[in-house]
Every structure is written in C-alpha cells, then in structure tokens.
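Numbering (the UniProt record's numbering), first residue to last: 1 to 935. Yeah, the Cβ is synthetic: ideal placement off N, Cα and C, and Gly gets one too. As the structure is a prediction and not an experimental result, all values here were calculated from the model. Here's the structure we're looking at; comments come further down.
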C-alpha cells in the first residue's frame, strides 16, 4: 500500500515548496514472537516462554539504557518510531540500543511500526510531533495486544504521566520503569534506574540525619537563548572545559574569541561543569585575574573540603598566599595575569560512565535498605557523585561504574546511579579494564558477522592475485622489515637497490589491508568505529581481527603477501627523481627488530647484501632527515617509558626511558616520505575529499610557559616559525646532557594535537603540518592499526584507476564525522596508553620505594612539578603542608621562575636537579598514588 506524506520546505532563496514523499505500508511485517499463529516464526527474536512482552517509549530508552543493557531485561519490542527519535536525540544511546537489538543472545525485536499498515499513524492537525509519536507507540502496543490475542501480556513501559494516563483510557496495560522493575523482585536492578533531578536527596541531610533548608550553592545556568545572544555580542566565550589532572579545582577553557585560555578557578566558578563539557564563560573583572604562579597543586585531602579550598588567589580570603612578589632588591615585579572567568552555562554535556569506588555514608533512619554513598572516581578531575544502592556491602571493595543523572544547584555533588561492577580493587586485570572503560575503548571480542568477512585460514597468495594486471610481482626484490622486538602486526617493509646509473631504487611496501576490508561490510563498519589499535603496557587491542593483523596482512619474513608499494628513484643525495605507486606481491626476506638492524649496521665485519641495503638506506635517511630539519621540522622529545614484563604474571620487572636508535629514525624517515608522497598524489586527484593530517601552528600564548622557562635559565627561544624554534632548540645546550631533552619535552607539551581532516573543509594554507614543516601530510603506512590509512589506501587506489571511489567520499558531512571519530579514537588510545603506563608504574614501585634525581619543570605557589628522567615519570612535590597553607612562608618569583623562602634561606628554580624519594601511598582509600617527596 502506498501512502503519500506531504510537507512544505523553505529553499535557500526563501521560496516555499510543497514536497511529497512516498511512504510504503505493508501487512507482512512479522511481530517477532515464536508462538504467534499468524506470522512467520522463523524470524522470531522473542523467547517462546515469555510471559510478558515489553514495549518501550522513547524516554525509557534514552534515560534507562544502563538498565536495558542488563540481561535481566528481555522480551522487549523496540519500535522503529522510538529508534528514529533516539537517533535524533542521542547518537551514543542509539548505538547502544542497536547493539542490544543485534545481539543474538538478547531477546530484543525491532518492529517497523512506521511501515505496517495497521500501526502507521498520520499526524493530526494541531498535534505536536512528540504527541504523534506517543500515539504511534500506544497504537503499536494495542496492535500487539490484539495480534497476540492474550497469549502473553503486552506491557507499555513509560514514565510519561500523560502517555500512561491515555494508555489506561485506551485499555492498554502500562507501568512506570520503577514499578515494573520492583515487580521482578531484583533489588539490584533498582540501583540501575536513573532518578529524575527532583528526587535528589542531599548528602548533607543524610550525614546530619535531618532535613535541612537546602541552600543554593551554584548559580543558575543561563538559558540557551541568552547564551547564544551573549556569544554573539562577545559577552560570553565558548570552549571546551579541561580540568587540571593534578588539581581538580583548576580548569581551562580554550577560547577562540579571545585567542587565549581562560582559567576557571574553584568549584563555584566551574558551576557544575564536567571535564570535556562545551561551556559558555564570562570573564571575571580584571583585578580577579590569575597569575600562573599563584595557582597551586591540590592535595587528595582538599577534595573533602566543604567549600573551595582554592579560592581565586587574588581574593581577600587568600591574601596571605599572594604576598607581593619581590625581586632581590625588594621591588615588586609586574607580572602579567591570565584571563580568568566563571561558567554561566553548559552548551553540551560530556557526561559518560565513570570508574571508581564507594565511600560509605551513614544510613538515615527508615531508609528501607537503601544506602546513600559517595562514589569517588579514579580520575581526580571528576567530582564525587552521590548514588543510592541496595547492595552497599557487596560494593565497598569493588571497582564499579557509575553514570551521572543530574546536578542540582542546591547540591555539592552530582547525582548518579550504579551501572555495574568491574572487579576487585587493586586486581591488575580490573584496573586495566578501568583504563579501557575510562577511555571509551571497545575491547569486546569481534562479533560473528565481522569474523564472517575474513578469508579462511591458512591463507596464501593465489594464482589470481599473481595474474591480476593491477598487481606487480615484486617477489624477487630483497624486501625486509624493521620493527620493535616481538612485533607481530608488521604493516611496513622496505627495499633499497643500487641502480646502474648510480642512483637508488627505494621502496616502501605497506600491507594491502583494503584487499580484505571491503567498504560497507560489517568488518569495515567495525574498523571505522574502533578507529585505531590500542597499545597498553601488557596487551594490544586490535582494530582488526587477529587473523588479519598477525597473519593474512602481516608482512612476515619468508611468506608471500599482498602490498601497496611506493617506489622512488633517488639520487645518492636523497633527492627524489621519480615516484610510482602500485599494488604488489612481495616476499620479505627478513623481519628484523630495531636492535638487530642497528647491530648489523654497526658491525663492520658484515658486508652481506641485506646489511649493505640497510647501510645505504640509513645513509639516505640521514640526508632526508637533515633536509627536513633545515626546512624547519622539529625534533621534539617525549617521556616514553618502556617496561620489561614478566611473561607469566604480566607484572613489570623493570622500567626505564624508551631508547631511540638510528634504525628507528631510518624507518621513520621513509614512512614520513611515503606519507608525504601519497598525500600529494591523492590531493591532486581528489582535491575536495582527501583525508589529510594537519598540525596547527601553536599560538604565542601556547608557547608562553616554554618561553618563561627558557628566559629564567638565560635561554632565548625564537618562536617566529618552526624553523626558528628548531634552530633555537638545537642551540639550547646546558652543561649537563639531559638539559636539551628536557627543553624539547617542555616544547612538545606546548603543541596542539595533530588532527585528521577532510581536504574540502579547509583552505590549502591550513593543511600545513607544523611539526614536520610539511605543506601536505597524511597517514598511509599503518593500515593494520589505523583506519585513517585504510581510507587513504582507497583514495590512492582510485587515483590510480585501480578501483572505484566508495560512495562515502561523495558525502562530505559523513567524511567529516569519520575524521572527527578518528581524532577522538586516536586521542583516547594515547590517553589509555599513558594511563596503562601510570598503572604499571604504581605496580612496579609498590614494593620498591626509591631515591632518585628529578628536574623541576613547573613552579606553583605551594610546591613544584618534577620530571624523573630515569623513569620518565612526572609528579607534584609539595613544599607546604595543608596546615602551612597561607602562612606566607614561601613565595614565587615569576620572573626568575623560582620559589623562595621568605627569609631567603632556601630557593628552588626551574630545571634545577633535586633529590626525591618515590613511594606508593594511599591517602584516600582505594586511590593509591606515587608520592614524590624532597629528600
């Protein structure tokens, strides 16, 4: 049956046009119940023994997704009208409900009520879209009741009073979520319910055992209309809130409108915003602006305080701590302050699930077994969250997940609900799982429909592959790979031949992943979503299934593999004369580790062909690197830590800084060159839809901390261009060997992240990669572990006429959202890697208190941050205890970057070496930390 829907649409030119859309209705859509006598039961998803079938309204799915994910909730019909509404309102929840519906272990059935002749409803005049959808849900529920003829109870689950009232009038059984869950006699499921804000019970009342006149603690958030108008008039500034991981009372909002970061100081100025929220900020009067030195490091104990301990340092309450900063002659130094502000509204919330543990609270009288508890996140940037639970005793020694429901302005804490238990506190597997959850990393096994896309094992290159005209047979080339020790997912290999004319043929061969990952397949969808492989200290979470990463695509030695090759002719001076790109078949002759490759190059007795190839490549790489540096590429440093892990227990046996060898740099140089070559090739063919990678130039404000530090130690850094900065860093040499590396680490921290983008979204000058000093760059060389490279392989193949460009490249909006997801996944993978290092650092030092040397890298009003070169660890060192705060014993000399005792007896300056003691302590239950103290 054909039904026409008509609506009016306004064009860009302002004309009003009537549009008619055809809507097909059918009567052969199945109900999903196996006991139905009318429908085809081979398509059934509900259980044969179901006594009740639930139909959910939209708000139940949006608000109670944690409950729906629990296996106790089953035999559920999800209507297409509900799915569509959820998709429009919250994509994350939509993905979660779709995942439940497609899970063969769950009894959730999607019913296309919008296309069934008996359940489709037209919009009535004067009816809102919301009312029409509620009516559609009731009509579908009633249809199920009649269709199944009383064989089973059909129950509408809704918390909407009006919807429930109308359902009862229409003879439909309807219940609230809470009353239905209570009927299941599973008290633990009640913990999963999201409570509306009006049901908040204040923790102060619980502690006092008496109701209090609740005072307003936070100012009201401005409505969106006022925020929009304020942003337009320049009164408010928009940006993402980033909370300091060492001081949860200090946060920053990067504002494009004032071209600087705005400091948000104290919980009241943060006004219930969470880390990652997009917020509207109002600047404070200039006399309340902050100096960086007056910011302090928060201790664990500060987080229990009633009011903000860290008041705005220029406020009267804090006067003793901000004594005028005097130079040696006693004069006051004029120090520039940083813009400071307060949050007036939340534009977009970043609430998600958090991992941590519970602090028990006294139980108020007559609470019927419901305990109130404060949840303490492992992430110090997250405030404590209050929850109600009926299973407190079981949860006290567990890591659990909690979701935030609301934050009332009369409450010190946000309210939330228990989601699930992860495991025992302190257990390494539990704590590793926390790392993955906190960084939103999917570590679930690959679903069966994804694995079904893989070719059967054992796999080998076929005669069709060899005879394919698009593929060149390069098996006779002496190809080799150089990777970290034990690397199984080898996605790049190299070759280097001397040519008769004195030049070299150099090839970079990359695993041909797109031969196996076809666009639009479940395998491709999964890889798109995961975005990247994640490397933790003790394990790897793959973007693609292991048969591909470690076998079929991995360029292992002595096996034939499919590749995508970039081949250059180069002069002995490393000038590229010509480039060509081809799909190929290769057979690697050696899979070397960095150490093995380096040992071969260093051993003058070795003159075999492979070693000669390595030396020739290294010679070319050095020249390429030199030329890159001359163009202005930065050689930055990071504090990368390497663990030696026990193969049995997975505990760390040893820890130290990661060593970079010439062999590493050689491989890196050719990978960079391949990425640049491919970027040029794809952009030439597809100027509007190429996926590229850019690194924005840092602003003067971003580089300010580095410049201040350099000036304090008598260094002048020229930051007018990447070339000027690179030269300055080369000349920043102190008396000790570690000084230059430290300056480079500090420079790295001032940089913004490099990001993926769609070439059509920006103008060519914005494509520039600051760190590499390259006008064009992309990622092509790691398709086994990065989805960006998979996209680039498809672009390159299409540019060579090997294959057609997939349809997604016609949709700029979708391409942009893929790039956004890649940036999000890439950042999360980096954060997970770092957090995994922190976790293993704690495990390592738990039984090994250590004395060592450290360098001061940042000065605060109550201490400083140090970097420990031997272990690549950074952390705070306190000079004042809590009782001394405000005693005025220490003051910061901003100009000299020193913290001095008032009596002049002692001072510490930036980059100074200090002796420290490192030990794992637990100042708060279940929150161990590595404490650094001055010796």
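Nearest C-alpha to residue 827 among 847, 786, 59 and 598: 786. In this structure, residue 691 lies near residue 791, with their beta-carbon atoms less than 7 Å apart. By alpha-carbon distance to residue 687, the top candidate from 739, 710 and 761 is 761.
Assigned with DSSP and collapsed to three states, residue 112 falls in coil, not helix or strand. Using a Cβ distance threshold of 7 Å, residue 877 and residue 932 count as a contacting pair. Excluding its 5 nearest sequence neighbours in each direction, residue 493 has C-beta neighbours in its own chain below 6 Å: 479, 481, 509, 555 and 588, listed in chain order.
Only buried fits residue 666, as 16 or more other CB atoms lie within 10 angstroms of its CB. Following the DSSP letters along the chain, one finds residue 421 inside the beta strand (DSSP E) bounded by residues 415-424. Around the beta carbon of residue 716, a 10 Å sphere encloses fewer than 16 other beta carbons of the protein chains shown; the residue is thus reported as exposed. Within the stretch 414-479, the runs of beta strand (DSSP E) that reach at least 3 residues and sit entirely inside it are, in chain order, 415-424 and 471-473.
Here the stretch 239-248 lies against the stretch 264-278, with 3 or more beta-carbon pairs under 8 Å apart. Per DSSP, reduced to three states, the secondary structure at residue 398 is strand. Taken through DSSP and simplified to helix, strand or coil, residue 890 comes out as strand.
Scanning 168, 125, 118 and 347 for the CA closest to the CA of residue 226 turns up 347. Here residue 811 is exposed, its C-beta having fewer than 16 other C-beta atoms within 10 Å.
If you look at residue 897, you'll find it isn't in any alpha helix (DSSP H); DSSP assigns it neither H nor E.
With fewer than 16 other CB atoms across the displayed protein chains lying within 10 angstroms of its CB, residue 764 is exposed. It is roughly 58 Å from the alpha-carbon of residue 806 to the alpha-carbon of residue 896.
Assignment of residue 351 by DSSP, reduced to helix, strand and coil, places it in the coil class. Counting only runs of at least 3 residues, the stretch 786-860 fully encloses the following beta strand (DSSP E) elements, listed from N- to C-terminal order: 850-860. Beyond the five residues adjoining it in sequence on each side, residue 435 comes within less than 6 Å, by CB distance, of 832, 835 and 836 in the same chain, given in chain order. Within its own chain, the residues whose Cβ lies closer than 6 Å to the Cβ of residue 139, once the five positions on either side in sequence are excluded, are 119 and 121, listed in chain order. For residue 568, the enclosing beta strand (DSSP E) starts and ends at 560-570.
Residue 627 is classed as exposed because its beta carbon has fewer than 16 other beta carbons within 10 Å across all chains shown.
Distance from the CA of residue 448 to the CA of residue 104, rounded to the nearest whole angstrom, comes to 10 Å.
Distance between residue 39 and residue 530, taken at the CA atoms: about 38 Å. Residue 568 and residue 506 do touch by the CB rule: their CB atoms are close to 5 Å apart, below 8 Å.
Inter-residue distance for residue 782 and residue 535 is about 14 Å (C-alpha atoms, whole angstroms). Restricted to the stretch 19-89, the beta strand (DSSP E) segments that are unbroken, complete and at least 3 residues in length are 52-56 and 76-79, listed in chain order. Sixteen is the threshold: since fewer than 16 other Cβ atoms of the shown chains lie within 10 Å of the Cβ of residue 185, the residue is exposed. For residue 498, DSSP records a beta bridge to 504. Residue nearest to residue 108 within the set 273, 426 and 75 is 75 (criterion: CA-CA distance).
With the rule of 3 Cβ pairs closer than 8 Å, the stretch 404-412 counts as touching the stretch 216-224. Selection 862, 490 and 124 evaluated against residue 901 yields 862 as nearest (Cα-Cα).
Per the Cβ contact rule, the stretch 126-140 is in contact with the stretch 152-167 (3 or more Cβ pairs under 8 Å).
The beta carbon of residue 188 sits closer than 6 Å to those of 391, all from its chain and outside the five residues before and after it, given in chain order.
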